[in-house]
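Participant: A single structure is presented below for examination.
Chains as they are written, first to last, in this note's numbering: chain A, 211 to 547; chain B, 5 to 288.
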């Protein structure tokens, strides 16, 4: 573990009052700029002195990036909305309970009061080799220290590894993908909307980034359509301790049933790869099948096909299989229907 | 130094070589395009000598024993060339497009294309060693008179000196450069496959020390960026109007008798079946 020092390297702090001003600063300072949301990820980097940005752009003074609004049958959540606000919002609780569940599973109450949903989905991986500042692939080097014969890689990937075996740590990301959310990104060339599923990228696409956000771009909001509102939801996060810990594996599912038959389903697992994994094959498999043990068993086996455990994380394979089974069976489901 | 090489730190705090700087990719691209523009300008503006058609007519009239079509490349040789070209383009695109900002999952395509390239090169080495005139593509001191004659002709002088055998001197020099750069990129690339997950080799990131790995990565990078310039030059010459007959020969496998006599020395590239044999007896 890196030694956290008490004094951060010096940087110039900007506190813009609008996203336009923030974008202007990002455009001016390019790769030298660092976006500060709630600061939970940023201050680790800065105090460890691994990242040394020259300019920090604090978004906390931009009101337009905060709050939850109803929009076109769904909702729009400002990127700077805190996780606590998400958890407490009545529309989220009533129609998108899986997001409430996922946001409430993040870290601790104090961190949720400060951490934002934009930061939660955009945070960097927690691979401790990477965060120690060594020159691994993700840091621009030519080795993955977490994927060697004697690595300590209990928390790392079992799917989608491509040189780097880090995993995505976000709790809200799988819930948002399950809900069919889209990310609103603003940059110098205007606004673009990206499906939540496509917002996250693996190391094969870009080994130094976790999301499609490019330098100079800002995640301004997350839009959730009404398509899956009120479905039967299931969210479960397995971690070493029940508070203030990252997921070892998490699963999020939204199911629409007719009687005992699964009509439609979205199923996402996280902390098993560098990006949340939507299990489309499993979704297709369970459509039209009864929601029972046999379907869950088969789906669980299908979910783990292709898994390649490392030295210390083979436990994630049966864990993921069982979470998928539980999501399909609906044991302990969180439902608002 | 950062402009050419990049460094990182090992867990023991040692500075380690990691990569060639990708600035060099842009430098190689620029050099390739600059060469292209300079050569094209020279060809437009210079007084390089063109053979008068009457001279070639006379040469053709003197060699009625030659067939109309002279076989230049066998089917196997052409297949190798185009497979190698396809794999080379795949390698360059998968390597450099992500650096240029086009993001996609490139590693698997890259190593698979590398395996295809390596296999095709192995085939070529065996094929050229046992079925072709192995030495016809190499350059050596014996080619100095031809080099001098080529330069003088390019400068507009009417030099009667030696003409090339099967391969023009430019081709042979390019081949030599490609051998050096290509073997470097293949040897380093095959070694680097030990660091990524493939179905072919067991992973062993500790095969070498960090500094040796750095050297391997830099070798691969330097050879890779050199290939950008070399491939630009190759494609440029392949599509130049006065060289098109060579490219067409690589597509269809033959050149015309007129092209053979105009551009080659029949004593250095003996066409089989004509009954005239010299020191270079293997022609096809």
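Even for Gly, the Cβ is constructed at its ideal location relative to N, Cα and C.
If contact is defined by three or more beta carbon pairs under 8 Å, each pair taking one atom from either stretch, is the region 434-453 of chain A in contact with the region 307-322 of chain A?
Facilitator: They touch, by the three-pair rule.
Participant: So which residues of chain A does residue 109 (chain B) contact, with C-beta pairs closer than 8 Å?
Facilitator: For this step, residue 109 (chain B) is matched to residue 105 along the second chain. In chain order: 372, 412, 414, 415.
Participant: With distances taken from CA atoms, which of A:485, A:430, A:448, A:367 is nearest residue 534 (chain A)?
Facilitator: Here residue 534 (chain A) refers to the residue found at position 324 of the first chain. Answer by Cα proximity: A:448.
Participant: State the start and end residues of the unbroken beta strand (DSSP E) segment that holds residue 280 (chain A).
Facilitator: Translated into the one-based positions of the first chain, residue 280 (chain A) becomes position 70. Segment 278-281, the beta strand (DSSP E) holding residue 280 (chain A).
Participant: Give me, in chain order, the residues of the same chain whose beta-carbon lies closer than 7 Å to that of residue 283 (chain B); leave out the 5 immediate sequence neighbours on both sides.
Facilitator: Sequence index remark: in the second chain, residue 283 (chain B) carries index 279 (1-based). No answer about residue 283 (chain B) holds up, because its pLDDT of 34 lies below 50 and its placement is not dependable.
Participant: Please determine, among A:415, A:234, A:317, the residue with the shortest C-alpha to C-alpha distance to residue 113 (chain B).
Facilitator: As a position in the second chain, residue 113 (chain B) is number 109, starting the count at 1. That would be A:415, whose Cα lies nearest to the Cα of residue 113 (chain B).
Participant: Measuring only between beta-carbons, confirm whether residue 344 (chain A) sits less than 8 Å from chain B.
Facilitator: Looking up residue 344 (chain A) in the first chain gives position 134. Cβ-Cβ to chain B under 8 Å: yes for residue 344 (chain A).
Participant: Put residue 479 (chain A) into one of helix, strand or coil per three-state DSSP.
Facilitator: In the first chain, residue 479 (chain A) corresponds to position 269, counting from 1. Strand, per DSSP.
Participant: How long is the line joining the alpha carbons of residue 494 (chain A) and residue 474 (chain A), rounded to whole angstroms?
Facilitator: For this step, residue 494 (chain A) is matched to residue 284 along the first chain. For this step, residue 474 (chain A) is matched to residue 264 along the first chain. Whole-angstrom Cα-Cα distance: 8 Å.
Participant: For residue 217 (chain B), which residues in chain A fall below 9 Å Cβ to Cβ?
Facilitator: For the purposes of this step, residue 217 (chain B) is taken as residue 213 along the second chain, with counting starting at 1. Correct list: 352, 353.
Participant: List the whole-angstrom C-beta distance separating residue 195 (chain B) from residue 229 (chain B), where the pair is believed to meet the contact cut-off of C-beta under 8 Å.
Facilitator: One-based indexing of the second chain puts residue 195 (chain B) at position 191. One-based indexing of the second chain puts residue 229 (chain B) at position 225. At roughly 18 Å, the Cβ-Cβ gap does not stay under 8 Å, so residue 195 (chain B) and residue 229 (chain B) are not in contact.
Participant: Distance cutoff 8 Å, beta carbons only. Does residue 1 (chain B) sit that close to anything in chain A?
Facilitator: Past the edges of chain B, shown from 5 to 288, lies residue 1 (chain B), and the structure says nothing about it.
Participant: Got a sec: is the Cβ-Cβ distance from residue 280 (chain B) to anything in chain A below 8 Å?
Facilitator: For this step, residue 280 (chain B) is matched to residue 276 along the second chain. For residue 280 (chain B), the predicted structure reports a pLDDT of 48, less than 50, and the residue's modelled location is therefore unreliable. A value from the coordinates is still provided. Not closer than 8 Å to any Cβ of chain A, the Cβ of residue 280 (chain B) fails to qualify, so no.
Participant: For the alpha helix (DSSP H) that contains residue 273 (chain A), what are its first and last residues?
Facilitator: Translated into positions along the first chain, residue 273 (chain A) becomes position 63. Note, residue 273 (chain A): premise wrong, no alpha helix (DSSP H); not H, not E.
Participant: Of the choices A:408, A:292, A:281, whose alpha-carbon is the least far from that of residue 273 (chain A)?
Facilitator: Start at 1 with the first residue of the first chain, and residue 273 (chain A) comes out as number 63. Taking only the C-alpha atoms, the option nearest residue 273 (chain A) is A:292.
Participant: Which residues in the same chain as residue 283 (chain A) place their Cβ atom closer than 6 Å to its Cβ, once the five residues preceding and following it in sequence are excluded?
Facilitator: As a working mapping, residue 283 (chain A) is identified with position 73 in the first chain. Taken in chain order, the residues that qualify are 436.
Participant: DSSP state of residue 545 (chain A), grouped into three classes?
Facilitator: Taking the first residue of the first chain as 1, we reach residue 545 (chain A) at position 335. Here residue 545 (chain A) scores only 45 on pLDDT, less than 50, and its place in the model should not be relied on; the value that follows carries that caveat. Strand at residue 545 (chain A).
Participant: For residue 328 (chain A) versus residue 429 (chain A), is the C-beta spacing smaller than 8 Å?
Facilitator: For the purposes of this step, residue 328 (chain A) is identified with residue 118 of the first chain, where counting begins at 1. For the purposes of this step, residue 429 (chain A) is identified with residue 219 of the first chain, where counting begins at 1. Result yes, Cβ atoms of residue 328 (chain A) and residue 429 (chain A) sit closer than 8 Å.
Participant: When you compare the CB of residue 359 (chain A) with every CB in chain B, is at least one pair closer than 8 Å?
Facilitator: As a working mapping, residue 359 (chain A) is identified with position 149 in the first chain. Taking Cβ atoms only, chain B reaches closer than 8 Å to residue 359 (chain A), which makes this a yes.
Participant: Under 8 Å: do the region 348-355 of chain A and the region 391-400 of chain A share three or more Cβ pairs, one atom per stretch?
Facilitator: They do not touch, by the three-pair rule.
Participant: Locate the beta strand (DSSP E) running through residue 275 (chain B), then write down its first and last residues.
Facilitator: Taking the second chain and counting its residues from 1, the one referred to as residue 275 (chain B) is at position 271. Neither: residue 275 (chain B) is in no beta strand (DSSP E) and is coded neither H nor E.
Participant: Considering only the alpha carbon of each residue, which of B:81, B:186, B:227 lies closest to residue 256 (chain B)?
Facilitator: Locating residue 256 (chain B) in the second chain gives position 252, counting from the first residue. Selected option, being the one with the closest Cα: B:81.
Participant: Tell me, which residues are paired with residue 9 (chain B) by DSSP?
Facilitator: Counting from one through the second chain, the residue named residue 9 (chain B) turns up at place 5. Note: residue 9 (chain B) sits in a beta bridge opposite B:24.
Participant: Within the continuous beta strand (DSSP E) that includes residue 393 (chain A), where are the two ends?
Facilitator: For the purposes of this step, residue 393 (chain A) is identified with residue 183 of the first chain, where counting begins at 1. Segment 392-397, the beta strand (DSSP E) holding residue 393 (chain A).
Participant: Write down the C-beta distance between residue 100 (chain B) and residue 29 (chain B) rounded to the nearest angstrom, noting that I regard them as a contact closer than 8 Å.
Facilitator: Numbered from 1 along the second chain, position 96 holds the residue referred to as residue 100 (chain B). Numbered from 1 along the second chain, position 25 holds the residue referred to as residue 29 (chain B). Indeed, because the Cβ distance is near 6 Å, the residues count as touching under 8 Å.
Participant: In three-state DSSP terms, what is residue 330 (chain A)?
Facilitator: Residue numbering aside, residue 330 (chain A) sits at position 120 when the first chain is read from its first letter. Residue 330 (chain A) falls in the helix class under three-state DSSP.
Participant: Name the one or two DSSP bridge partners that residue 374 (chain A) has.
Facilitator: As a first step, residue 374 (chain A) is located in the first chain; it is residue number 164 there, counting from the start. In DSSP, residue 374 (chain A) forms a bridge with A:372.
Participant: Taking C-beta pairs closer than 8 Å, name the residues in chain A that residue 22 (chain B) reaches, listed in chain order.
Facilitator: What you label residue 22 (chain B) is simply residue 18 of the second chain in a count that begins at 1. Under the 8 Å cutoff, chain A gives 345, 350, 351, 352.
Participant: Over what stretch of residues does the beta strand (DSSP E) that includes residue 240 (chain B) continue unbroken?
Facilitator: For this step, residue 240 (chain B) is matched to residue 236 along the second chain. Looking at the DSSP string, residue 240 (chain B) is not in any beta strand (DSSP E); the run it does join, the alpha helix (DSSP H), is 214-243.
Participant: Interface residues of chain A around residue 210 (chain B) at Cβ under 8 Å?
Facilitator: The sequence position of residue 210 (chain B) within the second chain is 206, counting from 1. The answer, in chain order, is 358, 359.
Participant: By a C-beta neighbour count over all protein chains shown, 10 Å radius and 16 as the cutoff for buried, is residue 287 (chain B) buried or exposed?
Facilitator: The residue given as residue 287 (chain B) occupies position 283 in the second chain. In this predicted model, residue 287 (chain B) has a pLDDT of only 37, less than 50, meaning its place in the structure is not dependable; the value taken from the coordinates is given anyway. The residue is buried, with at least 16 neighbouring Cβ atoms inside 10 Å.
Participant: Does residue 15 (chain B) come within less than 8 Å of chain A when only Cβ atoms are used?
Facilitator: Working through the second chain from its first residue, we reach residue 15 (chain B) at position 11. It does: the Cβ of residue 15 (chain B) has a partner Cβ on chain A nearer than 8 Å.
Participant: Identify whether residue 14 (chain B) lies in helix, strand or coil by the three-state DSSP scheme.
Facilitator: Counting from 1 along the second chain, the entry for residue 14 (chain B) is found at position 10. It is coil, neither helix nor strand.
Participant: Would you mind telling me which residues of chain A sit closer than 8 Å to residue 200 (chain B), beta carbon to beta carbon, in chain order?
Facilitator: For the purposes of this step, residue 200 (chain B) is identified with residue 196 of the second chain, where counting begins at 1. The contacting residues are 372, 373.
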